[in-house]
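In my numbering, the protein residues as written are -3 to 223.
Glycine residues also receive a C-beta, built at the ideal position from the N, C-alpha and C atoms.
First the structure, in the form of structure tokens, and then the observations on it.
Structure representation (structure tokens):
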């Protein structure tokens, strides 16, 4: 979905990303065009990720016995950590359908500079996940170009009332030179575990907006308008 890829890149750039690194296991020609466009402008870096063993995918292939978890995701995350360790002050780890959204600032830099609920020396900021269900109705907007472009983050303004606890579906931002190893939802190992720990960012400061299509019945679920 090339249009969603472009939306993901542009929103992260607005939030403060200088370069976005993609680990590309496979993609179609339309997505290739988007990645090439941004690569030529130095906004995107593409790392070919042709894992040489069978990986598990979703939906699962009953004829394939996977040898490594989910496209070697842990290896990709830690490759990104070390690849940018001495060129980036901060590295943000999110999936394609996730965005760390500050609640009181327009950018990640503004959010950090306005004061986080922990000292700057801590190695990682951990953000709580909330689901914006893509199968819920779009919001009505005056600007019809949003519908024409299919901008998911502008059309979906209702989320589940439930905000997931830290360490469960969380994503994070790190100061890479303070980290030894990252996991999918939190940090596995810090350089100095006596002083460098997770900063559990409260939901009033920022949330991880997760735009996802679930197959369950959510008709009775409590919805919260969150723009």
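Exclusion of the five residues before and after residue 69 leaves 180 as the residues of its chain whose Cβ lies within less than 8 Å of its Cβ.
In this structure, residue 208 lies near residue 93, with their beta-carbon atoms less than 7 Å apart.
Non-local C-beta neighbours of residue 118 in its own chain, meaning closer than 7 Å and more than five positions away in sequence, comprise 192, 193, 195, ordered along the chain. Taking C-beta atoms as the reference points, residue 206 and residue 131 fail to come closer than 7 Å.
With a contact defined as Cβ atoms closer than 8 Å, residue 109 and residue 127 miss out at about 29 Å. Pairing residue 198 with residue 59, the inter-Cα distance amounts to about 44 Å.
Residue pairing by DSSP places residue 169 opposite 88, 121 in a beta bridge.
Taking a contact as a CB-CB distance under 8 Å, the pair residue 123 and residue 168 counts as one, their CB atoms being some 7 Å apart.
Residue nearest to residue 221 within the set 95, 129, 201, 144 is 129 (criterion: CA-CA distance). Restricting attention to 203, 146, 27, 64, the CA atom closest to the CA of residue 162 is found in 203. Residue range 140 to 145 is occupied by the alpha helix (DSSP H) that includes residue 142. Under a 10 Å Cβ-count criterion, residue 98 is classified as buried, with 16 or more other Cβ atoms of the shown protein chains found around its own Cβ.
Two segments are said to touch when three or more pairs of C-beta atoms, one from each, lie closer than 8 Å; by this definition the region 8 to 21 touches the region 34 to 43. Comparing alpha-carbon positions, the option among 107, 135, 146, 190 lying closest to residue 200 turns out to be 107.
The three-state reading of DSSP puts residue 68 in helix, counting H, G and I together. Using a 10 angstroms sphere on the CB of residue 78, the tally of other CB atoms stays under 16, which defines it as exposed. Residue 89 sits away from residue 7, with the two beta carbons spaced by 7 Å or more. Residue 44 is bridged by DSSP to 20.
Under the 10 Å beta carbon count, residue 178 is surrounded by 16 or more other beta carbons and is classified as buried.
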